Structures are given as structure tokens and as C-alpha cells.
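Each remark here refers to the structure printed beneath this line.
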Amino acid sequence: MRYVVLVILMLALNAWLGMSLLGGLAAALWFWYVIEFFEKSNQKIAFKEFILCLYGLNYLFSPALSYVLDNRSIYRMKIPEEEYFLLALPCMLLLQVGMNSIKTRIFQVDFKTVQLQSLLNQKILVTWLYAGVIMVILNKLIPADLAFFFYLLSGIRFVAAYGLYVLNASRYKWHIAGVLVFEFMMALKQGMFHDVIMWLIFFGLFWIYLKKPGRNFKLVLGLGALIAVYILQIAKAEYRSQVGGGNSEAGLETMQEAVEKNVNSEGGMFNSSKATGTITRVNQAWIFASTVNRMNALQNYQGVDLMSKYAEAAFLPRFLAPDKLKAGDKMIFNRFSGHYVTSGTSMGLGFFADGYIAYGQVGAYCFAFLLGLIFALIFKVVEHWSKVSPFFILLVFPILSYAVRPDCETQTIMGHIVKGLFVFGLLMWYYQEYFSRKIHEVTFDEQKAIIWKKITQRRGYVK
Numbered sequence: 003m004r005y006v007v008l009v010i011l012m013l014a015l016n017a018w019l020g021m022s023l024l025g026g027l028a029a030a031l032w033f034w035y036v037i038e039f040f041e042k043s044n045q046k047i048a049f050k051e052f053i054l055c056l057y058g059l060n061y062l063f064s065p066a067l068s069y070v071l072d073n074r075s076i077y078r079m080k081i082p083e084e085e086y087f088l089l090a091l092p093c094m095l096l097l098q099v100g101m102n103s104i105k106t107r108i109f110q111v112d113f114k115t116v117q118l119q120s121l122l123n124q125k126i127l128v129t130w131l132y133a134g135v136i137m138v139i140l141n142k143l144i145p146a147d148l149a150f151f152f153y154l155l156s157g158i159r160f161v162a163a164y165g166l167y168v169l170n171a172s173r174y175k176w177h178i179a180g181v182l183v184f185e186f187m188m189a190l191k192q193g194m195f196h197d198v199i200m201w202l203i204f205f206g207l208f209w210i211y212l213k214k215p216g217r218n219f220k221l222v223l224g225l226g227a228l229i230a231v232y233i234l235q236i237a238k239a240e241y242r243s244q245v246g247g248g249n250s251e252a253g254l255e256t257m258q259e260a261v262e263k264n265v266n267s268e269g270g271m272f273n274s275s276k277a278t279g280t281i282t283r284v285n286q287a288w289i290f291a292s293t294v295n296r297m298n299a300l301q302n303y304q305g306v307d308l309m310s311k312y313a314e315a316a317f318l319p320r321f322l323a324p325d326k327l328k329a330g331d332k333m334i335f336n337r338f339s340g341h342y343v344t345s346g347t348s349m350g351l352g353f354f355a356d357g358y359i360a361y362g363q364v365g366a367y368c369f370a371f372l373l374g375l376i377f378a379l380i381f382k383v384v385e386h387w388s389k390v391s392p393f394f395i396l397l398v399f400p401i402l403s404y405a406v407r408p409d410c411e412t413q414t415i416m417g418h419i420v421k422g423l424f425v426f427g428l429l430m431w432y433y434q435e436y437f438s439r440k441i442h443e444v445t446f447d448e449q450k451a452i453i454w455k456k457i458t459q460r461r462g463y464v465k
């Protein structure tokens, strides 16, 4: 039935919006990912499905709309529609194949065991929560070379809050609410909302799996989340302008004013300019298409040279590689994308574009599969950690919080993953003996209690 619905949808998009056959197919594939995400979110933590939805939004649905709109701005798609989708459709399918190439049950957790772990380690979880918050507050005092490691490690505040929520939602609800409110206030202060959006989404995935709400509730929740993110997208530029220009102080009041200004503006919040701007922000495909256009003209494919620079930046500390790439460095973007941006502008080529820069069309396909395989390997590593403590499955969120972003630079993705595995691997190693000993003690005590109960029952029966 789902196949029939998607075929009808593809034909409807073709008839009503004038989408081409390939554009309609791309949009239908994205809707397939959304349906999979919607349907499977009660059965498991739908993290893989979320990744496909997010990448599909950027590389399938948004570009399909962009070709229909025929936007003449600098953000337009610079290669023919057929050429683009013959690249993007296989890339998305290969990303999916790569993610599913290694079997894992990491997202189907036995939360009875997690509750046991939480009960045993409440003090550790509370310590993690407060330690993570303190690390965020003191981040500016930490030396630059160590700041990123502390930023990663501070992600344990969410792992701790989620663990406490599993243990006793009514008792610890204020812990997780406090962490999320703190994160939102920090986002307002900095004018950067990526982390708070991602962690709210991660908690939503986690909460739905725990509570297993009905379809109607999930539909309302999903639509509410989409509208909230849309409003944030259209308001954050105004907010940054007000705060950055010194006209207003960073805070909730200024954000409220920015929201009201955009929602109540002429034409409302869904006017064509705002809608087009939002589509552009979730359309990493225009950078991909621009890169393809430039590389087709230059024909100077880089092979492994560019990836070696990314690997150097990810694996080597700066004292061993003082000239390695810096996070946010726009040199590579300006060289290969066909656009020029300053250091204050946040844009990245993305994994697919880097594959095309390396080996053309085949490179894009290979890099798409490689990215999926990297996800799969990390799932397997964290699944192995969960044998020490089921809490460690939640570490997949801070490790991959950047990699799930299609607009993130490859060097940033690789650096974040490598450093995340190192930091949280050390944390896992440190607590390995402690968790094992505590579980053994509790299991032993339970066994003694069961044996003693049987003995007393048997004595009572003899009497």
C-alpha cells in the first residue's frame, strides 16, 4: 500500500507542481524516509531513520522544490536537473546501504537493564550532569587546544539527564528540563541554535521510544516541531542582527520580538520570500551542484590529496601538524565550490561534494557509501561499549551530533568523530571496572535473597 501511495504522490507532484519524473521520484523517496521514521520510532530509537530524513531533506526534497521554483539567486541549482538527481538519488541509496551494512541492535535497548544501572549509579549520573554544565560555563577559560575536548565531554550532561529520566521520570524531570533550558539560554546568548535543536530532537527520539505514543500524537508533535524550527529559522537572522548590532541584549525578550516581527510581517510567516529562504537553508544540494559544476569545468580532480588533509586535521594534534586545517577554514570551500565566503559565514562543502572533488561521479557514490559505513562502524563500537553499561548507547548522540548535519564540513565531521571516540572511549574504559563490579554485587545480592527466600519457604512447608 505504501508503494502505491508514493507512486500516486510522485504523479501528483508532477501534475500539480510541475516536478519532473526524477524530481518527483526524489521527493517520493524522501517521503518514504519520513514514513519509515514515523512508523519505526516506537519500535526503536529511530536515529538512522532521522539521519536519512535530514539528508533526504537537503539532497532530495529541497532541490526538487528548487528546480520547480527556478530561483535565479546565487543559491540556484547550477547543473541540469537530470544530471543532479542521477547523482543525488544513488548517493542517498548508497548512504542507506552503508548505514545498514553492519547489523546492530544498539537502538533497541533493554531498558530494564538501564534502570538497574541508573539505580546503581545515581550519584555518578548527577555528577556527570553537573560536571557537563560546569564545563560549558567555564569553556572560555579552557586553553584553545583543549577546548574542543571539553566541549565534547560536556555532552555527558545530556547522557546523564536522559539516564536519570529513565530511572524516574517524575523525580528527575526537572533535571532534564533544566539542562534543556540551560542549553536554550546559552544558544540565545551565542545566537547559535544548532546544539539545542539537535538535543531536543535526540530527546524526542528517546522519549517516543520510551513512551510509545499513538500515531495522532506523534503527528501533532512532529508538525509542532516543524513549525517551531521554521519559526526559529526565519527569526534567528533578525535576532542576530539585533544582538550583533548592539541594539538589544541577547535574551528571550529579544528573541520574542524577532519572532513577532517575522510572524506578523506583511504576508505572514509563510510568505514566498521566507519560505524560499527556509528552503535554501535546508538545501545543501545547491553547494553540491555548484561544486559539480565547477569541477566539471576545471577537471582537476584531487584524488586522495584533499582527504589526506582532512585525515591530518582529524587524527593529528596541532603540535605535530601546526599547519593542519582549522575548523571553519573557508579556503577549500572557496577553491572548489565556485563561491566565495568570508570566515564569518558558515558554509561547508559536505561529504558528497568532497567525493566529487576527489574522483568525480564515482567519488560521490563512494563517499556516500563510506559515510554510511562510518555511521555503521560507530554504531557497532558504541554497541560494544553498551556491554559495559547500557548508558553508553546514548554517547552516539554527542559523537555524531555534527555528522548528522549534511551542511557540515568533512574535516569537522571527521575531527568530531575521531575526538569523540577518543574522549568517550577513555570515559568508558575508566568506568568499565566500576560498572562491572557494581552489577556483579547487585546480581550476587539478588541471588542470595532468592536462595534465602527458597530456604525459608521450604522450612515453612516442612513445618
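The sequence shown begins at 3 in this note's numbering and counts up one residue at a time. Backbone N, C-alpha and C fix where the C-beta goes; we use that ideal spot for every residue, glycine too. Predicted model, so just to flag it, every value in this text is computed and none were measured.
How about residue i and residue j: are their beta carbons less than 8 Å apart?
i           : j           : result
residue 370 : residue 357 : yes
residue 187 : residue 313 : no
residue 128 : residue 159 : no
residue 106 : residue 381 : yes
residue 393 : residue 181 : no
residue 402 : residue 426 : no
residue 1   : residue 433 : Outside the shown range of the chain (3 to 465) lies residue 1, about which nothing can therefore be said.
residue 86  : residue 291 : yes
residue 52  : residue 32  : no
residue 47  : residue 208 : yes
residue 190 : residue 254 : yes
residue 418 : residue 436 : no
residue 263 : residue 240 : yes
residue 50  : residue 101 : yes
residue 340 : residue 97  : no
residue 56  : residue 390 : no
residue 303 : residue 224 : no
residue 280 : residue 235 : yes
At the level of alpha carbons, what is the spacing between residue i and residue j?
i           : j           : result
residue 111 : residue 296 : 46 Å
residue 284 : residue 22  : 20 Å
residue 251 : residue 259 : 12 Å
residue 423 : residue 18  : 47 Å
residue 108 : residue 44  : 15 Å
residue 294 : residue 124 : 52 Å
residue 29  : residue 198 : 28 Å
residue 164 : residue 399 : 11 Å
residue 309 : residue 413 : 9 Å
residue 175 : residue 168 : 10 Å
residue 299 : residue 216 : 52 Å
residue 305 : residue 409 : 22 Å
residue 14  : residue 61  : 20 Å
residue 79  : residue 349 : 16 Å
residue 69  : residue 81  : 10 Å
residue 446 : residue 428 : With a pLDDT of only 45 at residue 446, under the threshold of 50, the placement of this residue in the model should not be trusted; the figure read from the coordinates follows. Distance between the alpha carbons of residue 446 and residue 428: 28 Å.
Enumerate in chain order the residues of its own chain whose CB-to-CB distance from residue i is below 7 Å, with the five nearest sequence positions on each side excluded.
i           : result
residue 152 : 137, 141, 144
residue 261 : 233, 237
residue 326 : 314, 315, 318, 320
residue 366 : 89, 93, 354, 357, 358
residue 194 : none
residue 66  : 21, 25, 28, 29
residue 58  : 31, 32, 35, 94
residue 154 : 400, 421, 422, 425
residue 156 : 134, 137, 138
residue 286 : 60, 61, 352, 408, 409
Less than 6 Å between C-beta atoms, sequence neighbours within five positions excluded: which residues of the same chain meet that for residue i?
i           : result
residue 200 : 403
residue 387 : 394, 430
residue 282 : 77
residue 166 : 127, 174, 177
residue 342 : 336
Enumerate in chain order the residues of its own chain whose CB-to-CB distance from residue i is below 8 Å, with the five nearest sequence positions on each side excluded.
i           : result
residue 2   : Absent from the structure is residue 2, since the part of the chain shown begins at 3 and ends at 465.
residue 453 : Caution applies to residue 453, whose pLDDT of 48 falls short of 50 and renders its modelled position unreliable; the model cannot decide the point.
residue 323 : 314, 315
Taking only runs that begin and end inside the segment 291–327, name each unbroken alpha helix (DSSP H) of 4 or more residues, in chain order. 307–317
Taking only runs of the beta strand (DSSP E) that begin and end inside the segment 59–116, which ones reach a length of at least 3 residues, in chain order? Inside the segment 59–116, DSSP marks no whole beta strand (DSSP E) run of 3 or more residues.
Segments assigned alpha helix (DSSP H), at least 4 residues, entirely inside the segment 389–428: 398–402
Segments assigned alpha helix (DSSP H), at least 4 residues, entirely inside the segment 333–371: Contiguous alpha helix (DSSP H) elements confined to the segment 333–371 occur at 333–338, taking only those with 4 or more residues.
Return the chain-ordered ranges of every alpha helix (DSSP H) run that is complete within the segment 153–239 and spans a minimum of 4 residues. 158–169, 171–192, 196–213
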